Each structure stands twice: as structure tokens, then as C-alpha cells.
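Student: Chains A and B are the protein sequences, given in the same order. Here our numbering is used: position 164 in the first sequence is 164, and no number is missing along the way. Here our numbering is used: position 151 in the second sequence is 151, and no number is missing along the way. There's a structure below that I have some questions on.
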Amino acid sequence: MSATVKQATAVSLNGISRSFGDRGIIADLDLEIGAGEFVALLGASGCGKSTLLRIVAGLDAEVTGEVVVARRRAVSFQAPRLLPWKRVWRNVVLGVPGAGRAEALAALGEVMLEHRAGAWPATLSGGEAQRAALARALVRQPDLLLLDEPFGALDALTRITAQQLVADLWAKHAPAVLLVTHDVDEALRLADRALVMAEGRIVHDVAVSLPRPRTLESSGYVGLRRELLAQLGVTE
Amino acid sequence: MTSLTRLDPVAVPLAQDPSTDISPAPAVPRPGVVATTLGAAIEVERLDHGRRRRLWVPRPLSRLLGVALALGAWQLASSTGSLSPTVVGSPRAVWNAAVHLISDGELGSALASSLHRVLLGLVFGLAAGIGLALVSGLSRIGEDIVDAPVQMLRTVPFVGLVPLLIVWLGVGETPKVVLIALAACFPIYLNLSGGIRSVDPALVEAGRTLGLSRLGIVRHVVLPSALPQLLVGLRLSLGIAWLALVFAEQISATSGLGYLMSTAQELLQTDTIVVCLVVYALLGLTVDLVVRALERLLLSWRPRAVGV
Numbered sequence: 001m002s003a004t005v006k007q008a009t010a011v012s013l014n015g016i017s018r019s020f021g022d023r024g025i026i027a028d029l030d031l032e033i034g035a036g037e038f039v040a041l042l043g044a045s046g047c048g049k050s051t052l053l054r055i056v057a058g059l060d061a062e063v064t065g066e067v068v069v070a071r072r073r074a075v076s077f078q079a080p081r082l083l084p085w086k087r088v089w090r091n092v093v094l095g096v097p098g099a100g101r102a103e104a105l106a107a108l109g110e111v112m113l114e115h116r117a118g119a120w121p122a123t124l125s126g127g128e129a130q131r132a133a134l135a136r137a138l139v140r141q142p143d144l145l146l147l148d149e150p151f152g153a154l155d156a157l158t159r160i161t162a163q164q165l166v167a168d169l170w171a172k173h174a175p176a177v178l179l180v181t182h183d184v185d186e187a188l189r190l191a192d193r194a195l196v197m198a199e200g201r202i203v204h205d206v207a208v209s210l211p212r213p214r215t216l217e218s219s220g221y222v223g224l225r226r227e228l229l230a231q232l233g234v235t236e
Numbered sequence: 001m002t003s004l005t006r007l008d009p010v011a012v013p014l015a016q017d018p019s020t021d022i023s024p025a026p027a028v029p030r031p032g033v034v035a036t037t038l039g040a041a042i043e044v045e046r047l048d049h050g051r052r053r054r055l056w057v058p059r060p061l062s063r064l065l066g067v068a069l070a071l072g073a074w075q076l077a078s079s080t081g082s083l084s085p086t087v088v089g090s091p092r093a094v095w096n097a098a099v100h101l102i103s104d105g106e107l108g109s110a111l112a113s114s115l116h117r118v119l120l121g122l123v124f125g126l127a128a129g130i131g132l133a134l135v136s137g138l139s140r141i142g143e144d145i146v147d148a149p150v151q152m153l154r155t156v157p158f159v160g161l162v163p164l165l166i167v168w169l170g171v172g173e174t175p176k177v178v179l180i181a182l183a184a185c186f187p188i189y190l191n192l193s194g195g196i197r198s199v200d201p202a203l204v205e206a207g208r209t210l211g212l213s214r215l216g217i218v219r220h221v222v223l224p225s226a227l228p229q230l231l232v233g234l235r236l237s238l239g240i241a242w243l244a245l246v247f248a249e250q251i252s253a254t255s256g257l258g259y260l261m262s263t264a265q266e267l268l269q270t271d272t273i274v275v276c277l278v279v280y281a282l283l284g285l286t287v288d289l290v291v292r293a294l295e296r297l298l299l300s301w302r303p304r305a306v307g308v
């Protein structure tokens, strides 16, 4: 957490391990994410993917191994985790030195939520709250954006819009992204690279070189989808 | 159970090809469907949206009605002599006593010295309670050191401390203020320290990812999240402070509402006692209204449904 160097990778993990009690969650894992690269991390529940994200976010103090991550990073969790006692725009700029209402409004504008800047978080819909959390991450101008199943709690229609929004924002700001998800389609829609994690290791690493924007009709989509599902132990 | 049969997926033939099978359902009953349920006559009713007519009484008025009835019954019992004036005077007599006590300034000065005591006790009690709760809520070592003794002290009924306080501090103002402070200290301590400890860890973690310092997390996450509990504690502390005041003023006081009551007791002036009780009640009510207003002001971020 101390030395800073400049390099072209947003994340480099070297032989990291993490166990809870005597249960190993992550075992001797290596991972590199290039600057500006969009990586999706797939895996079944309990495979350690959220633990890995927390390690990269710097939220885990008990990890062993070498962890080098971008200094400017932002996290968006499955629950928006907005502070209910601060109005939306204050939530957005909380912890950003010198940022005020103008910066908050600009970030909220990018997620089309300017009109809710003065609202209490409790009055937002699920999709709005998640977009506010996204604005809160964006305003920090992160080199590394960590998304922990950010669309998991949204309804199917809102999820598609939110995914599109993330794709646009990534294209515009080009941070490296680590997206934790269990949705293969979400990974294929958004990522440059898809990783499959099982039992604390990355067992599959595949480039998603489909042209954007991606749809179900993109050639090669179905094959990749089948491949990833098979890696996750699902056959259709 | 017939409708369940209809939903049985086995019973409904699957459309082979959507392009050819767009015609309405065939008249022939499908296998598994009980034919009589489709189109059978069932009872229906037209929902009446019309307003029910009823006697309209404004809400505040209907609430006052209960009080008025009770007062009426009291007055009636006094007038007929079934309620002796030595037990309790009539509402009219109590009213007259109140007017008399107010006009000769006796009630005003008693109220002033009682309020002075309560405020002084509250300042010390709340400050101590909040201070201890911050120490015990915000640090592990603080919790270990502070919480156990406070929890032990809390189980001692504060009224039981009166003899000890008299021995230590005499019968002047100090033991009275100390008693009120002690009584007010615990509810706010318990609620605030509990509120601090029950902060949502997910929000604390979010605060860390936003780059907040430890102090920033306390200020922006922990303390605001404990605010509702703090206000609950405040309300309980204020309530118990009045209780402590009544006890404290029984200790050889020479002024205050309690003193007014004990002299009235010696002179068998039940009217005066009732006036003092009403004043206590009104004070309690006022404090409650103030705290409620405070809650509305400070907790406006909470959805109405959860509102207190």
C-alpha cells in the first residue's frame, strides 16, 4: 500500500492467498488487468470472486501475496450503499476533496440522474440508486473501476439499460474495469476478457473479441456463451 | 381445484410452431380441462365507491371529548358529594387553586427553581452519557473499560442512591442535581452506544472505499446512523429526569414544585397537589413535543413509513 510506481497494468496480483479459518477461499492466484481493460469475472456463488474483488479494492487486510492496484480506484457494490442521511449529490462527492455541487451534478448528468440530485436516497428506485452509486464512482475519475454484481438486484429491463450505460461510460472514460458477475450474457456484452473462477483459482481466461456493440446476433457470441457456460458447469 | 388443473403444464398442449398456431383456442375442451369451469356462471358484485355517510366530527374535537367527559364525571362526583374534598377537590376548586398559585407568583417561582434543577442535571447527565457512549462505542478498549461498570451501575435503582447522596453531599442543591444527572445519564448512554455499535458495516466499508479517513467515517457514517437512537435516548433521559426531579425535591427542598407539593401535603391542600401534578404532566408533554419536532427536523431523510 506504500510504494507508488507508474505502470501499464491497473491490477497485478502475484501468488495471493486468502483463507477464512482453515477454509481456503483463494489459493495462489495470479491476475493482471491492463490499463483500460474491461475484465469480467464469472463464477458460481462461493467461488471466491467477491473475496477477490474485495482484495483488489483494498478492503481485505488478511491477504497474503503481492497486490499492486491502481491508486485511483472506485467500487460499486451490489447494494448501492448510499448514505441515507445525505442527499444524492452529497453522497456522490463524499470523500472527494474540493468537489461540490457542480461536480456532483456533472457526474449525475452522465448517468441521467441530474433531476434527482436533491433527493434523499430512500426515495430513489432501485435503478436510480444504482446509477447514483455509479456516479459516485465516476466522480473519482478512477483508473480502476470495481463492480461487484452491480446489476444483480435490478429487474431485467432496468439491467439492460444499466449495462448499456456502463458500456458507454467505459468507452468514454476508459478505466480498467473488474466486473464480478454470475451472468454470462452480461460478461459477453461488456468485457474484453472473461475469467471463470472456481475453488479459489482462475480456471479459464478467454478473450472476448466480438465487435461492439454486442448483441445476441453477433457472430461468435453463441459459441463463447456455450464455452463459458460449460466452464461454469452448465449445459443447455 | 379445477382452476389448478387448468394450470397444469401437462394439460396444456405446447404450441408446436408459433407462426401457424395463432388461431384462438379451439372450442374442443383440452385434455385435462374440466369443461364446466370455462364460462360457468359465477357470482359477481359491483364495487361501491360511494362515500359512506357518517357523522363528521373534527378529530381534535373528538379527542377532547374524552377529556371533557372525564372532567364532567369528576365535577359531578364532587358536586354530589360522593367525592369528598379531603380526597380531592372538584375541578373548579383545582382551577381556583391554580389561578391563586399563579397570581401570587408561588407557582412561577417553584417552576423556575425546578426547571433550573432539571436543566442543570440534564446538562451534566447528558454530557456524561454522550461522552461515555462515544468512548465505549468508538473504540474497543473504550468499550472494555467503560461498558461493564456502566452496565453494573445502571442496575442500581437511582432512587436507592438518595441516602448515600445525602451523606456525601448534604441536603442542598448538589445532591438533587447529581440525582437528576445520574438518572438521565443511563438511557442516553445505552441508546447512543447501542446505536453506534449497530451501524451497518456495509456503509462503513463503502465509506472506506470512498477514501474517508477514520474520523471522516465517524462523522459521515457512524454518528448520523446513530442519530435516531440518540434521539430515542434523549427522549427517555428527559422523561426520567422529571421522575428524578420529583424524588430529588422530596429531599428537604425549600423551593420547587416538589416543595410546593410536600407543604400542600402537610396542610392537606389536595387542590395544590393536583395543580402540581398537572404542571408536571404539561412539562413532560412539552418536552415530548420538542423532541418530536427535533426528530422531524433531524431525521427528515427517513422514509415517512418508518417515521416516529
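Cβ atoms here follow ideal geometry from the backbone N, Cα and C, with glycine treated the same way. These numbers come from a predicted model, not from an experiment.
Please return the same chain residues whose Cβ sits closer than 6 Å to the Cβ of A/D205, not counting the five positions on each side in sequence.
Tutor: L195
Student: Secondary structure at B/E266, three-state DSSP: helix, strand or coil?
Tutor: helix
Student: Just list the residues that DSSP pairs A/A198 with in beta bridges.
Tutor: A/R201
Student: Counting along the chain, where does the beta strand (DSSP E) carrying A/S19 start and finish?
Tutor: T9 to F20
Student: Would you kindly work out how many angstroms separate the C-alpha atoms of B/P157 and A/G58, rounded to a whole number?
Tutor: 48 Å
Student: Buried or exposed, going by whether 16 or more other CB atoms sit within 10 Å of the CB of B/S139?
Tutor: exposed
Student: Helix, strand or coil: which one does DSSP assign to A/E217?
Tutor: Three-state result, A/E217: coil.
Student: If you draw a straight line from the C-alpha of A/G223 to the C-alpha of A/V184, how long is it?
Tutor: 12 Å
Student: Can you list, in chain order, the residues of its chain with a C-beta nearer than 8 Å to that of B/L227? Leave out the 5 residues immediately preceding and following it.
Tutor: G195, L298 and L299
Student: Could you give the DSSP three-state label for A/T64: helix, strand or coil?
Tutor: strand
Student: Is the beta carbon of A/G127 sitting closer than 8 Å to the one on A/L154?
Tutor: yes
Student: Taking any Cβ of chain A, which residues in the stretch 197-210 of chain B have a Cβ under 7 Å from it, in chain order?
Tutor: A202, L203, E205, A206, R208, T209 and L210
Student: Just the C-alpha distance for B/W56 and B/H49, rounded to the nearest angstrom, thanks.
Tutor: 19 Å
Student: Could you give the first and the last residue of the continuous beta strand (DSSP E) run that contains B/I42?
Tutor: For B/I42, there is no enclosing beta strand (DSSP E), since its DSSP letter is neither H nor E.
Student: From the DSSP output, in three-state form, read off B/I251 for me.
Tutor: coil
Student: Would you say B/R154 faces chain A, with C-beta separation under 8 Å as the test?
Tutor: The Cβ of B/R154 sits no closer than 8 Å to any Cβ of chain A.
Student: Can you tell me which residues form a DSSP beta bridge with A/I33?
Tutor: A/V11
Student: Just the C-alpha distance for A/S220 and A/L94, rounded to the nearest angstrom, thanks.
Tutor: It is worth fixing the name first, because residue 220 of chain A is Gly in this sequence and not Ser. The alpha-carbon atoms of A/G220 and A/L94 are separated by roughly 43 Å.
Student: Run through chain A and tell me which residues come within less than 9 Å of B/R219, C-beta to C-beta.
Tutor: Simply none; closest approach about 11 Å.
Student: So, is the C-beta of A/P175 closer than 8 Å to a C-beta in chain B?
Tutor: False, the Cβ-Cβ gap to chain B never drops below 8 Å.
Student: What is the C-beta distance between B/V183 and B/A244, in whole angstroms, given that I count them as a contact (C-beta under 8 Å)?
Tutor: For clarity, residue 183 of chain B is Ala in the given sequence; the question names Val instead. Contact annotation, B/A183 with B/A244: C-beta distance approximately 4 Å; criterion of less than 8 Å satisfied.
Student: On the three-state DSSP scale, how would you describe B/T310?
Tutor: With chain B running from 1 to 308 in the structure shown, residue 310 of chain B is simply not present.
Student: In the DSSP assignment, find the beta strand (DSSP E) that holds A/S76 and state where it starts and stops.
Tutor: Looking at the DSSP string, the run of the beta strand (DSSP E) that includes A/S76 is R73 to S76.
Student: Please name the residue, chosen from A/A106, A/I16, A/H173 and A/L31, that lies closest to A/I25 on a Cα-to-Cα basis.
Tutor: A/I16
Student: DSSP three-state call for A/R23: helix, strand or coil?
Tutor: strand
Student: Which residues, in order along the stretch 88-112 of chain A, keep a beta-carbon less than 7 Å from a beta-carbon of chain B?
Tutor: L94 and G95
Student: Using a 10 Å radius around the Cβ and a threshold of 16 neighbouring Cβ atoms, would you call A/N14 buried or exposed?
Tutor: exposed
Student: Could you tell me whether the Cβ of B/R302 comes closer than 8 Å to any Cβ of chain A?
Tutor: B/R302 has a beta carbon lying within less than 8 Å of a beta carbon in chain A.
Student: In this structure, how does DSSP classify B/P13 when only helix, strand and coil are distinguished?
Tutor: Confidence at B/P13 is low in this model, with a pLDDT of 46, below 50, so its placement is unreliable and the value that follows should be read with caution. Looking at B/P13 - three-state DSSP - the assignment turns out to be coil, as it is neither helix nor strand.
Student: Expressed to the nearest angstrom, what Euclidean distance is found between the alpha-carbon atoms of B/L164 and B/L134?
Tutor: 29 Å
Student: Reducing DSSP to helix, strand and coil, say where B/T272 ends up.
Tutor: helix
Student: For the alpha helix (DSSP H) containing A/G127, list its first residue and its last residue.
Tutor: G126 to L138
Student: Across which residues does DSSP place A/T181 in a beta bridge pair?
Tutor: A/L42
Student: May I ask you to verify whether the stretch 71-80 of chain A touches the stretch 92-111 of chain A, counting CB pairs closer than 8 Å and requiring at least 3?
Tutor: no
Student: Closest to B/G129 by CA distance: which of B/W301, B/L192 and B/V94 is it?
Tutor: B/L192
Student: Whose CA, out of A/L144, A/D60, A/E149 and A/L169, lies closest to the CA of A/I33?
Tutor: Closest option to A/I33, judged by alpha-carbon separation, among A/L144, A/D60, A/E149 and A/L169: A/L144.
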